[in-house]
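For reference, each letter of the sequence shown is one residue, going 37 to 509 in the working numbering. This report concerns only the one structure given below.
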Amino acid sequence: MDKPKNEYFRDSIATVNNEGKRSWVFPKKPSGFFYKYRTYVSYFLLLFLLSAPFIKIKGNQFLLFNVLERKFNIFGFPFWPQDFHLLVISMIVGVVFVILFTVVFGRIFCGWICPQTIFLEMVFRKIEYWIDGDRGKQIRLDKQPWNAEKIRKRLLKWFVFFIISFLIANVFLAYLIGGDTLINYITGNPLDNISTLISLTIFTCVFYFVFAWFREQVCIIACPYGRLQGVLLDNKTINVTYDYKRGEGENGRAKFRKNENRNALGKGDCIDCKQCVVVCPTGIDIRNGTQLECVNCTACIDECDHMMENVGLPKGLIRYASEDNIAKKKPFQFTARMKGYSAVLLILTGILIGMLFLRNDVEARILRLPGQLYQHKENNIISNVYTFKVINKTTKDITDVSYKLLSHKGEIKLVSNKNFVVPKQGLAEGTLFIEINQAALKGDKDKLEIGVYTKGKLIETAKSSFLGPRSYK
37 MDKPKNEYFR
47 DSIATVNNEG
57 KRSWVFPKKP
67 SGFFYKYRTY
77 VSYFLLLFLL
87 SAPFIKIKGN
97 QFLLFNVLER
107 KFNIFGFPFW
117 PQDFHLLVIS
127 MIVGVVFVIL
137 FTVVFGRIFC
147 GWICPQTIFL
157 EMVFRKIEYW
167 IDGDRGKQIR
177 LDKQPWNAEK
187 IRKRLLKWFV
197 FFIISFLIAN
207 VFLAYLIGGD
217 TLINYITGNP
227 LDNISTLISL
237 TIFTCVFYFV
247 FAWFREQVCI
257 IACPYGRLQG
267 VLLDNKTINV
277 TYDYKRGEGE
287 NGRAKFRKNE
297 NRNALGKGDC
307 IDCKQCVVVC
317 PTGIDIRNGT
327 QLECVNCTAC
337 IDECDHMMEN
347 VGLPKGLIRY
357 ASEDNIAKKK
367 PFQFTARMKG
377 YSAVLLILTG
387 ILIGMLFLRN
397 DVEARILRLP
407 GQLYQHKENN
417 IISNVYTFKV
427 INKTTKDITD
437 VSYKLLSHKG
447 EIKLVSNKNF
457 VVPKQGLAEG
467 TLFIEINQAA
477 LKGDKDKLEI
487 GVYTKGKLIE
497 TAKSSFLGPR
507 SYK
């Protein structure tokens with residue numbers, strides 16, 4: 037397979053110089069067709085990310101990941117610890133979807149959907165362009181001594197970055213503890229919730245560090261997905277790709293000169309303007325092929341198309357294409373590998389949807405008290421003691437809850453001697469006795485089926501075991 041003539045190999049990332057120090061990236065402000073639509077997508081996702089913890093569906097927070105209390109809401113569906121298998125399957129579905137998406141479209145998720153990229157490129161960099169100016173002004177400001185102008189701009193930028201980081205930390209905390217809880221904490225006395233205030237401060241500092249200094253290093257060094265792409269990408273994956281066949285020609289790249297026939301001279305269409313390099317937010321040269329740092333943000337496509345228009349050459353020198361499309365002019369094909377991932381995704385999605393429809397809003401568990409044997413009472417009655425737990429996953433209280441034996445003739449006695457209430461999105465626990473005549477027992481360990489009723493209506497069934505005297509018939 038042909039290679040770009042100017043290709044070189046690196047043994048370090050693009051944001052580290054030869055001395056091993058951080059090489060700060062000052063990308064040019066992007067513009068163009070793809071950037072316009074990426075902006076629309078980013079603003080929509082920003083609105084979604086900032087509002088999701090405060091949106092409710094049937095009283096349930098749209099997205100909630102309360103690890104401490106083990107409460108999870110995904111798209112308004114509440115998941116309890118008893119639904120952990122559903123949460124695992126939904127996460128596997130998400131992973132398979134990302135893998136399939138990566139195999140087909142490369143790291144388009146990183147450039148268009150990832151919250152890290154969206155906040156960095158569409159919020160923090162825009163503020164930086166507003167305060168410090170475009171690439172050239174930023175470089176000059178970085179090199180100039182600490183005079184009044186530099187101090188003023190730096191302090192203003194750092195202050196704005198900190199305020200935005202604080203707001204992001206609040207939203208992030210709302211995903212963990214709930215939107216309503218966060219609002220109560222904000223409107224109350226901060227000193228009454230010191231632990232929350234400390235957590236908020238830590239999150240603010242983390243986000244400030246990431247967006248003010250660490251930046252693109254997250255995608256290159258910290259993010260596991262960036263490393264995973266090396267395993268998932270192949271020659272048929274669609275990426276942001278430089279057409280080196282067209283760009284290099286027979287005699288390589290050359291600066292543009294008016295009124296010359298580049299084809300006759302064997303020159304490629306790449307005019308070596310390096311605009312694709314200066315606009316890259318991770319500091320790479322896309323002309324050297326697919327690289328670890330590339331997040332498929334399309335900034336180089338827009339910039340290259342703009343330069344091609346200026347010099348009267350066809351657009352698309354850098355475009356979305358696969359390696360096979362560039363080297364062999366092969367159109368996109370849905371490969372067996374992609375079909376395999378699609379089949380797995382379809383099966384898992386079907387299983388998840390089926391399990392969601394089969395899931396009950398009320399779940400009851402009745403377990404024999406550990407270490408307790410049966411009791412032999414008057415009139416040949418055998419009694420066992422149990423603990424029960426009823427979980428209410430709905431947003432309404434379930435009142436007048438009672439139990440009834442479905443599999444045997446017998447009696448269930450609650451320790452409280454009255455029906456109970458299961459609070460909304462909560463649980464009720466207690467102790468009960470089950471009494472059955474020995475004549476109705478089939479052996480020394482019978483299987484019981486118990487109905488859970490509310491106002492006489494069956495809402496759930498539970499199973500347990502019942503110990504009795506060993507039969508010698």
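All residues carry an ideal CB built from backbone N, CA and C; glycine is no exception.
Between the alpha carbons of Met344 and Pro114 lies a distance of about 52 Å. Taking the Cβ atoms as the reference, His444 lies roughly 25 Å from Ile427, outside the contact range of under 8 Å. Distance check between Val267 and each of Ser67, Val140 and Leu403 places Val140 closest, using alpha-carbon atoms only.
Exposed is the label assigned to Gly376, since fewer than 16 other Cβ atoms lie within 10 Å of its Cβ.
In this structure, DSSP gives Lys189 a helical state, which the three-state scheme calls helix. From the listed residues Asp321, Leu227 and Glu496, the smallest Cα separation to Arg401 is found for Glu496. DSSP places Gly390 in the uninterrupted alpha helix (DSSP H) bounded by Ala372 to Leu394. DSSP places Phe155 in the uninterrupted alpha helix (DSSP H) bounded by Pro151 to Phe155. Within 10 angstroms of the beta-carbon of Pro63 lie 16 or more other beta-carbons, which makes it buried. By the criterion of at least three beta-carbon pairs nearer than 8 Å, the region 80 to 90 is not in contact with the region 274 to 281. Ranked by Cα distance from Ile238, the first of Cys336, Phe202 and Thr371 is Phe202. Rounded to whole angstroms, the gap between the alpha carbons of Arg395 and Phe424 is 20 Å. Rounded to the nearest whole angstrom, the C-alpha separation of Gly348 and Leu301 is 17 Å. Ranking Tyr356, Val314, Gly304 and Arg176 by CA distance to the CA of Asn332 puts Tyr356 first. Contact check between the region 404 to 423 and the region 460 to 469: three or more CB pairs, one atom from each, fall below 8 Å, which counts as touching.
When secondary structure is reduced to three states using DSSP, Tyr73 falls in the helix class. The DSSP-derived three-state label of Gly446 is strand. Between Ala290 and Pro317 a beta carbon distance of about 27 Å is seen, past the 8 Å cut, so the two are scored as non-contacting. Contact between Thr431 and Gln461 holds: CB atoms are separated by about 6 Å, below the 8 Å threshold.
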